[in-house]
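A quick write-up on the structure given underneath.
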Amino acid sequence: MDKTARATFGTKLGIIAATAGSAVGLGNIWRFPSQTAQDGGAIFVFVYLACVAFFGVPIVLAEFILGRAGKANSARAYRNLAPGGWFHVFGYFSISAAFLIMGFYMVVAGWTLEYLRLSLTGELASTNDFGALFSSLTNDAGTQIGWMAVFVLGTGGIVAFGVKKGIELASKLMMPLLLLVMLVLCVRALTLPGAGAGLSYLFAPNLETAGDAGARLLTDALGQSFFSLSVGMGTLMTYASYFGRDVRLAKTAGTMAALDTAVALLAGVIIFPAAFALAAHPESMVETLKAGGPGLVFISIPQLLQSLPAAQVWSVFFFLLLVLASLTSTISLFEVITAFVHEEVRVTLPKKIFSPRGEAAGTGETAVSPGTLRQEYRIARPFAAVVIAAGIIALGVFCACSLEENSALRLFGLSFFDFLDFLTAKLMMPLGGIFISLFAGRRLDKKILEAEYSNAGTLSLRFFKVYRFILRWIAPAGIAVVLVCGLF
Ligand code: TRP
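Residue numbering for the sequence shown follows numbering that gives the first Met the number 0, starting at 0 and increasing by one per position.
Have a look at this one:
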């Protein structure tokens, strides 16, 4: 095989499964409901939807354009697209962000495995204090680290198989299963008597609670929309570098965002009605939800599920859903770094010479001294995956330990875990969004933008002007305003 040929996804369905798989994750099922609860329900949902439509989707499309045109990992793609500039520094920024996100994401993904185990063995059903169960897990660094490492290695194992046989195949198998589990749970939640109160919390605006959240609501909604769409960090760019020429980028961006949003709303439709219907005191449920945060999915939901007939089955379903959703997302984050290491890092090793005159044969070889040859090698995917996994596990250990009570691992008043969440979702991703929209709208050759938008002139250029205007002005200015509001 030609070593310079770039892998591609095999089918359109595979592309949708992989991109939607990246987007649909803990962001939808764990982060979205707790943000919605904290920021007062429906108003947050509306602002969130606006952020997806006006900022999220245009930037997803921009990442697709940059990725397919740049044909490389996110650092080299900027070099290919704008030679000689400093733009590739942003590529390093986004690769580091993928690493930092995985630091806390893998810990939560580890919790989902522990809860799946607790559901399967029936231990979850025999608990009577779910809050205590969850805090005993977050105070038990050993168990957290163990499951986190399992998740990291599982992710690395899939990525090691490459784009088609690893990422695409895994996404095509897991995404339909995920949607199925989700629909089953949704029907169950909606048919509970009293589900209506949860639905109206989610969809009927309540100005008072939204007012309490204030400007934070804007930053939360923007951060959440970027996090959920996996946008602003080069993840989608990396995936798009494996797209074929005939993939319709705008359509793919729209489909992916629609699926992601649908799953977030479905998660809300599962969690809020269940919460209101099954709570002993629905009024106090609102308070629980608000305080909920990360615990919502690991405390309130398991507790609620226990009050259903065949509780064990529902909780196995629920945590299986979380595991699947997390795995397709961690794969995409892991791939950002793998593509970089595989394509950019070279190791130089001595090579035995067989030719009697010691001549360098072939490319990539340099004679360093008479009689010694050195050859540059790329790092193979599986090897890259092992090294990256080790790095992520090391970071995850700090995150897991920082959740223990009285842990000293705190930064700016937050646990290291919360700090990484805040740093990536609220700061790095919006900054990434500004950068990507400005780069695609202003720095990238307009002809390239146009050619990618229209698949080299075969698709209509309708809305191209509007789109470019959004990239040049609306998205960067809007995101900047939200970012600044949130900081003060
Ligand atoms: N979007 C995923 C979720 O909702 C998380 C994720 C995957 C992500 N890749 C990303 C977030 C890249 C930010 C950047 O859970």
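Here a beta-carbon is modelled for each residue, glycine too, at the ideal position from N, C-alpha and C.
Endpoints, beta strand (DSSP E) assigned at threonine 190 = Note, threonine 190: premise wrong, no beta strand (DSSP E); not H, not E.
query = Per DSSP, what kind of secondary structure is glutamate 167 in: helix, strand or coil?
reply = helix
task = Return yes when the Cβ of phenylalanine 31 is within less than 8 Å of the Cβ of alanine 17, no when it is not.
result = no
message = Below 8 Å on the Cβ atoms is my contact criterion, and I expect leucine 136 with glutamine 143 to pass it. Report the Cβ-Cβ distance as a whole number of Å.
response = 7 Å
inquiry  = In whole angstroms, give me the CA-to-CA distance for alanine 360 and arginine 345.
reply    = Because the pLDDT at alanine 360 is just 45, under 50, the model does not fix this residue reliably, and the value given afterwards should be weighed accordingly. C-alpha separation (whole angstroms): 19 Å.
task = Please classify tyrosine 77: is it buried, with 16 or more other beta-carbons within 10 angstroms of its beta-carbon, or exposed?
result = buried
query = Should glycine 232 be counted as a contact of the ligand TRP given a C-beta to heavy atom distance under 7 Å?
reply = What sits at residue 232 in the sequence shown is methionine, not glycine. Yes, the beta carbon of methionine 232 sits closer than 7 Å to at least one heavy atom of the ligand TRP.
ask   = Smallest Cα separation from leucine 12: which of Met174, Gly40, Ala68 and Ile387?
value = Met174
inquiry  = Nearer than 7 Å: is that true of the beta carbon of serine 328 relative to any heavy atom of the ligand TRP?
reply    = It does: the Cβ of serine 328 is within 7 Å (strictly closer) of some heavy atom of the ligand TRP.
ask   = What residues in its chain sit with their C-beta under 6 Å from that of threonine 423, if we drop five residues either side in the sequence?
value = Excluding sequence neighbours, threonine 423 sits near Ala96, Leu99 and Ile100.
request  = List the whole-angstrom C-beta distance separating glycine 432 from alanine 474, where the pair is believed to meet the contact cut-off of C-beta under 8 Å.
outcome  = 7 Å
inquiry  = Quick check: is any heavy atom of the ligand TRP less than 7 Å from the C-beta of glycine 90?
reply    = no
key: Residues of its chain near alanine 442, where Cβ-Cβ distance is below 6 Å and the 5 sequence neighbours each way are ignored   = One detail in the question is off: residue 442 reads as arginine in this sequence, not alanine. Cβ within range, chain order: Ala81.
request  = Could you check which residue in Leu307, Glu449, Phe418 and Leu470 has the C-alpha nearest to that of arginine 461?
outcome  = Glu449
query = Is it the case that the Cβ atoms of glycine 233 and serine 93 are separated by a distance below 8 Å?
reply = Inclusion of glycine 233 and serine 93 in the CB contact set at 8 Å is warranted, their separation being smaller than that value.
query = Would you say glycine 226 touches the ligand TRP, meaning its beta carbon is less than 7 Å from a heavy atom?
reply = Reading off the sequence shown, one finds phenylalanine at residue 226, where the question assumed glycine. Phenylalanine 226: yes, Cβ under 7 Å from the ligand TRP.
request  = Give a yes or no on whether the C-beta atoms belonging to asparagine 454 and arginine 215 are separated by under 8 Å.
outcome  = no
ask   = In or out: valine 59 buried (at least 16 other Cβ within 10 Å) or exposed?
value = Buried, by the Cβ-count rule.
request  = Under 8 Å Cβ to Cβ from glycine 145, same chain only, skipping five residues before and after it: list those, please.
outcome  = Gly109
key: Assigned secondary structure, serine 224 (DSSP; H/G/I helix, E/B strand, else coil)   = helix
Cβ-based neighbour list, alanine 239, same chain, cut-off 6 Å, excluding 5 preceding and 5 following = Phe63, Gly66 and Arg67
task = Indicate the three-state DSSP secondary structure (helix, strand or coil) for arginine 471 in the structure shown.
result = Three-state result, arginine 471: helix.
task = Determine the DSSP secondary structure at glycine 357, reduced to helix, strand or coil.
result = Because the pLDDT at glycine 357 is just 43, under 50, the model does not fix this residue reliably, and the value given afterwards should be weighed accordingly. Coil.
query = If you drop the 5 nearest sequence neighbours on each side, which residues of the same chain put their C-beta closer than 7 Å to that of alanine 220?
reply = Phe43, Val46, Tyr47 and Cys50
ask   = What are the residues that DSSP puts in a beta bridge with serine 21?
value = DSSP output for serine 21 lists no bridge partner at all.
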